[in-house]
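Numbering (the working numbering), first residue to last: 2 to 266. Glycine included, C-beta positions come from ideal geometry on N, C-alpha and C. In what follows, a single structure is set out as structure tokens and then discussed.
And the structure:
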């Protein structure tokens with residue numbers, strides 16, 4: 002996967018972990034990551050909303066990942082950056098999918114905490130401070146993930162039914178204690194996310210993956226909006242087929258993971 006804007010080096014990763022950027026300056030506290038694929042009509046209003054929500058956060062950066070868009074998403078992002086200098090733009094030369102875009106954004110982030118939301122405008126940016134709150138209030142250092150749980154979804158009936166079935170099956174098999182893992186609104190510790198095994202569609206299984214690594218997961222109810230324009234990148238059939246294979250893979254992965262805590266003697 003080719004990423005333009007800047008390469009993501011080991012020095013940059015180390016710098017983020019130390020609370021500074023790759024030039025030695027002070028890094029932001031929060032990185033807001035937005036994967037986008039052919040979302041030209043949503044870009045300007047979404048970035049504006051994110052910047053407004055960011056005023057309720059500590060220092061922040063916005064990282065938009067253009068996942069190989071073939072419309073004018075890139076042009077709209079460039080326009081948005083003239084109004085919001087905290088916006089950084091990454092671009093995949095070809096579409097890699099939502100998980101790939103999120104992963105690229107997290108790797109490029111200079112902040113220790115990351116917040117994510119979908120690029121189609123269905124995740125209200127005003128929910129972002131509520132996602133960060135459990136992370137900032139955590140005195141134990143054990144909360145690794147905050148997962149948004151959609152209420153009052155504005156999707157079609159068929160999509161809601163398919164999602165309800167998939168979430169129910171996943172929750173029953175993985176026992177991750179989460180009713181909605183498909184919500185794009187999430188918050189997490191950058192280092193904890195990057196320690197997870199990467200695979201396509203991993204964004205749908207973050208609660209189980211974080212818990213398998215010993216992290217606590219907080220759940221926050223969030224609102225949901227109708228799409229600004231365009232249509233979903235997946236059909237219900239595509240989601241079902243991919244979800245079945247993914248679920249089997251995650252079960253295998255979690256069973257293979259054996260964590261043994263060492264004790265110094």
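Residue pairing by DSSP places residue 187 opposite 117, 148 in a beta bridge. When secondary structure is reduced to three states using DSSP, residue 107 falls in the helix class. Between the alpha carbons of residue 108 and residue 195 lies a gap of roughly 7 Å.
Distance between residue 123 and residue 46, taken at the CA atoms: about 12 Å. Restricting attention to 147, 88, 75, the CA atom closest to the CA of residue 219 is found in 147. Listed in chain order, the non-local C-beta contacts of residue 114 below 6 Å within the same chain comprise 31, 136, local neighbours out to five positions each way being set aside. In terms of Cα proximity to residue 209, the closest of 254, 224, 227, 190 is 254. Counting the other Cβ atoms within 10 Å of the Cβ of residue 95 gives fewer than 16, which makes it exposed.
Annotation: the continuous alpha helix (DSSP H) that includes residue 133 extends over 129–138. Sorting 42, 102, 52, 176 by C-alpha distance to the C-alpha of residue 69 places 102 at the top. Residue 199 sits exposed, since fewer than 16 C-beta atoms from the chains shown fall within 10 Å of its C-beta. Comparing C-alpha distances from residue 186 to each of 120, 88, 111, 84 shows the shortest one belongs to 120. DSSP, read as helix, strand or coil, puts residue 266 in coil.
Bounds of the beta strand (DSSP E) holding residue 219 are 217–223. Apart from the 5 residues on each side of it in sequence, residue 54 sits with its Cβ closer than 7 Å to the Cβ of 126, 127, 129, 130 in its chain, given in chain order. Counting only residues of its own chain and dropping the five nearest sequence neighbours on each side, residue 188 has a CB closer than 6 Å to the CB of 116, 132, 133, 136, 147.
With respect to the C-alpha of residue 151, the residue from 97, 181, 167 having the closest C-alpha is 181. Within the same chain, no residue comes within 6 Å of residue 257 by CB-CB distance, once the 5 residues on both sides are set aside. Closest in C-alpha terms to residue 60, from the list 110, 177, 192, 228, comes 110.
Residue 79 sits away from residue 35, with the two beta carbons spaced by 7 Å or more.
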